[in-house]
Every structure is written in C-alpha cells, then in structure tokens.
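Worksheet: the structure to be examined is printed underneath.
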C-alpha cells in the first residue's frame, strides 16, 4: 500500500540509451498507485503513519514565547 510519502519520495532511474526513465520502474510504480486508489475507492482506509520527526510542542511553545518577547536565541 502506498502513502503520500511514498509518492513524494519516489524516484526513477534515468536511461542511458535514450532520454527518460526506465519504463518498467514507472509502470510498476503506477500499478501500485492504481491498486492504492482502487482500495480507497472501495472504502479502504489508510493505516496510521509514522510522523517524519517527533513533535516537541512544549519546546515549540517556549521558542514561540521567546520570539514574541524578542528574547535572543539561546
């Protein structure tokens, strides 16, 4: 199953004999996209996804408060 991250991070190998990408890689990727879209169209739901980086909301709030007060960066 594909996630939006998979689509964003997808890259294809360029060919050496002609301009463009390896057709098989592109076709395989598009097959996965089609399977994923069909799954969603039939009522499937995506599973939970891991965040890229942990969120530090307390640290973010402290940095925002310091910025609003005009405090220098530590």
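Residue numbers (my numbering): 1 to 74. Ideal Cβ placement from N, Cα and C applies to all residues, glycine included.
Go to residue i, then tell me how far its alpha helix (DSSP H) extends in each direction, as first and last residue.
i: residue 19; result: From DSSP, residue 19 is part of no alpha helix (DSSP H); its letter is neither H nor E.
i: residue 4; result: 4 to 9
So is residue i in contact with chain B if we call contact Cβ pairs under 9 Å?
i: residue 66; result: The chain labelled as chain B is not found in the depicted structure, where only one protein chain is given.
By Cβ distance below 7 Å, which residues in the same chain neighbour residue i in space, the five residues on each side in sequence not counted?
i: residue 11; result: none
i: residue 21; result: 12, 13, 14, 15
Report the rounded CA-to-CA distance for residue i versus residue j, giving the unit in angstroms.
i: residue 3; j: residue 46; result: 8 Å
i: residue 27; j: residue 34; result: 10 Å
i: residue 44; j: residue 32; result: 15 Å
i: residue 36; j: residue 19; result: 29 Å
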